[in-house]
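Numbering (this note's numbering), first residue to last: 260 to 659.
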């Protein structure tokens with residue numbers, strides 16, 4: 260039988276060991292809710308790659324939560340609310356992810372949030388959902404985005420056309436939150452600036468023939484198409500070119516994809532202009548561009564910088580929160596994304612971890628610019644414009 264002295268000695272030794280022993284590394288599952296199929300499937304791969312780059316850097320720089328690894332789990336939201344609901348349900352309730360990067364389309368983001376993420380207390384950060392409808396979502400402070408809302412893109416698109424002396428346009432938009440939200444902002448700004456909207460018509464995605472809709476848009480030779488490069492936007496543009504009724508074409512961010520110009524006479528759409536969120540004109544964007552280029556990625560790919568930011572922020576929030584638990588992650592996200600704090604640039608994972616361990620506030624400045632989330636989880640940003648030159652999109656610069 261052990262005497263009291265021996266028991267006390269063992270207890271002290273056990274306590275000493277428990278204090279001295281380092282915490283076990285903890286792996287963290289993070290979801291990527293991606294629109295891999297559907298009307299923006301040609302835009303999705305670079306966005307996913309941008310997020311994966313951030314996760315790879317974390318794992319290569321000592322890992323997360325004491326040396327654990329980020330384990331990405333991908334779900335296909337298909338740019339569709341129903342598909343996104345099923346994919347998000349699996350990520351939240353079967354895969355048990357801590358947080359989610361995505362989705363990309365606004366309808367998919369809202370669908371996944373309402374059906375699974377919000378009930379499950381899971382933070383979502385979309386790199387591309389831009390419709391104003393996301394701003395007013397009742398989300399318990401769980402849904403964020405690293406791209407500016409279309410309340411900015413629509414204004415900048417109108418400003419660009421007015422500055423070019425365009426006086427009238429015909430508008431067609433895909434009939435969902437994204438298309439209508441962007442069209443409404445654009446039309447209001449364009450008319451307030453003295454422009455005329457000859458027609459403003461919704462269309463349904465997924466049709467093979469839009470000739471009837473195009474027939475109702477002939478009041479102007481300047482056609483604005485707010486749709487998707489792998490969906491109605493491509494079909495609408497091709498049939499508009501075939502009609503010969505239009506001379507100038509303008510699109511939003513959903514149109515900037517490799518599929519858009521397939522089967523279309525390149526000369527007929529030379530100079531086509533499109534707008535999208537762009538990289539920030541600062542040190543953080545320069546650093547990200549080198550990281551992406553070194554990894555064999557295109558740093559100018561649509562929403563790739565914003566995806567990198569969303570993924571890196573998720574990892575920083577988990578590290579700040581101190582565990583793979585979902586509780587507290589939203590508050591931690593706001594802490595690491597906002598001033599005050601020592602600036603953290605893309606790729607500076609080791610530096611960030613050291614500062615967090617020391618109890619020092621950090622402020623991540625992303626590839627897409629400062630990410631000080633407002634009360635709705637929205638951020639400021641930069642809108643750039645691109646033009647088709649020689650059969651491909653070329654970024655021209657920010658819209659002032």
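Yeah, the Cβ is synthetic: ideal placement off N, Cα and C, and Gly gets one too. Only a predicted model underlies this, so the values are computations on that prediction, with no experimental measurement involved.
Distance between residue j and residue i (C-alpha atoms, nearest Å)
{"i": "residue 281", "j": "residue 323", "result": "Low confidence applies here, because residue 281 scores a pLDDT of 38, under 50, leaving its location unreliable; read the following figure in that light. If I take the Cα positions, the gap works out to 14 Å."}
{"i": "residue 316", "j": "residue 478", "result": "52 Å"}
{"i": "residue 423", "j": "residue 526", "result": "21 Å"}
{"i": "residue 535", "j": "residue 465", "result": "23 Å"}
{"i": "residue 484", "j": "residue 392", "result": "20 Å"}
{"i": "residue 439", "j": "residue 576", "result": "33 Å"}
{"i": "residue 538", "j": "residue 548", "result": "9 Å"}
{"i": "residue 606", "j": "residue 352", "result": "31 Å"}
{"i": "residue 521", "j": "residue 493", "result": "8 Å"}
{"i": "residue 245", "j": "residue 294", "result": "Residue numbering for the chain in the displayed model covers 260 to 659; residue 245 lies beyond these limits and cannot be assessed."}
{"i": "residue 604", "j": "residue 619", "result": "16 Å"}
{"i": "residue 511", "j": "residue 420", "result": "13 Å"}
{"i": "residue 442", "j": "residue 286", "result": "43 Å"}
{"i": "residue 655", "j": "residue 454", "result": "24 Å"}
{"i": "residue 592", "j": "residue 358", "result": "11 Å"}
{"i": "residue 657", "j": "residue 533", "result": "12 Å"}
{"i": "residue 659", "j": "residue 326", "result": "44 Å"}
{"i": "residue 361", "j": "residue 292", "result": "5 Å"}
{"i": "residue 277", "j": "residue 284", "result": "Note on residue 277: pLDDT 33, under 50, position unreliable in the model; no value is reported."}
{"i": "residue 321", "j": "residue 581", "result": "15 Å"}
{"i": "residue 495", "j": "residue 513", "result": "13 Å"}
{"i": "residue 402", "j": "residue 355", "result": "17 Å"}
{"i": "residue 645", "j": "residue 652", "result": "6 Å"}
{"i": "residue 341", "j": "residue 373", "result": "11 Å"}
{"i": "residue 435", "j": "residue 463", "result": "8 Å"}
{"i": "residue 500", "j": "residue 524", "result": "8 Å"}
{"i": "residue 414", "j": "residue 389", "result": "13 Å"}
{"i": "residue 545", "j": "residue 572", "result": "18 Å"}
{"i": "residue 563", "j": "residue 643", "result": "14 Å"}
{"i": "residue 345", "j": "residue 363", "result": "15 Å"}
Pair within 9 Å by beta-carbon distance, residue i and residue j
{"i": "residue 397", "j": "residue 368", "result": "no"}
{"i": "residue 230", "j": "residue 554", "result": "A question about residue 230 goes unanswered here, because the residues of the chain that appear run from 260 up to 659."}
{"i": "residue 578", "j": "residue 615", "result": "yes"}
{"i": "residue 384", "j": "residue 569", "result": "yes"}
{"i": "residue 561", "j": "residue 515", "result": "yes"}
{"i": "residue 450", "j": "residue 486", "result": "no"}
{"i": "residue 481", "j": "residue 509", "result": "yes"}
{"i": "residue 458", "j": "residue 429", "result": "yes"}
{"i": "residue 528", "j": "residue 490", "result": "no"}
{"i": "residue 595", "j": "residue 633", "result": "no"}
{"i": "residue 400", "j": "residue 370", "result": "no"}
{"i": "residue 296", "j": "residue 347", "result": "no"}
{"i": "residue 437", "j": "residue 365", "result": "yes"}
Same chain only: Cβ atoms within 6 Å of residue i, ignoring 5 sequence neighbours per side
{"i": "residue 631", "result": "597"}
{"i": "residue 556", "result": "308"}
{"i": "residue 410", "result": "391 and 444"}
{"i": "residue 566", "result": "306, 309, 310 and 386"}
{"i": "residue 300", "result": "489"}
{"i": "residue 531", "result": "508 and 647"}
{"i": "residue 517", "result": "301"}
{"i": "residue 600", "result": "620, 621 and 622"}
{"i": "residue 504", "result": "477"}
{"i": "residue 559", "result": "654"}
{"i": "residue 519", "result": "488 and 493"}
{"i": "residue 506", "result": "480"}
Other residues of its chain near residue i: CB distance less than 7 Å, five sequence neighbours each side excluded
{"i": "residue 498", "result": "469, 470 and 473"}
{"i": "residue 637", "result": "394, 404 and 408"}
{"i": "residue 640", "result": "406, 407, 411, 536, 627 and 628"}
{"i": "residue 602", "result": "622 and 624"}
{"i": "residue 452", "result": "417 and 421"}
{"i": "residue 502", "result": "473"}
{"i": "residue 589", "result": "382, 400 and 401"}
Same chain, Cβ closer than 8 Å to residue i, neighbours up to 5 away in sequence not counted
{"i": "residue 349", "result": "334"}
{"i": "residue 314", "result": "289, 329, 331, 570 and 574"}
{"i": "residue 543", "result": "604, 605, 624, 625, 626 and 628"}
{"i": "residue 540", "result": "641 and 657"}
{"i": "residue 456", "result": "427, 428, 429, 430, 446, 449 and 450"}
{"i": "residue 650", "result": "520 and 525"}
Discussion item. With three or more C-beta pairs closer than 8 Å as the rule, is the region 593 to 612 touching the region 368 to 377?
Written reply: Of all C-beta pairs linking the region 368 to 377 to the region 593 to 612, fewer than three are shorter than 8 Å, placing the two stretches out of contact.
Fill in: Segments of 3+ residues assigned as beta strand (DSSP E) that fall wholly inside the region 292 to 354
You should have 329 to 335.
Worksheet item: In the region 526 to 553, which residue ranges form an unbroken beta strand (DSSP E) of at least 3 residues, counting only runs that do not cross its ends?
Response: Taking only runs of at least 3 residues, the beta strand (DSSP E) segments lying wholly in the region 526 to 553 are 532 to 536.
Item to complete: Would you list, in sequence order, the uninterrupted alpha helix (DSSP H) runs of no fewer than 4 residues that lie entirely inside the region 417 to 497?
Response: Positions of the alpha helix (DSSP H) runs, each at least 4 residues long and wholly inside the region 417 to 497, are given as 436 to 451 and 470 to 474 in order along the chain.
Discussion item. Going residue by residue through the region 363 to 394, where are the continuous beta strand (DSSP E) segments of at least 3 residues, counting only ones entirely within it?
Written reply: Here the runs fully enclosed are 382 to 385.
Practice prompt. Could you pull out every unbroken alpha helix (DSSP H) segment of at least 4 residues lying fully inside the region 543 to 607, listed in chain order?
Written response: Segments of the alpha helix (DSSP H) lying fully in the region 543 to 607: 563 to 580 and 588 to 596.
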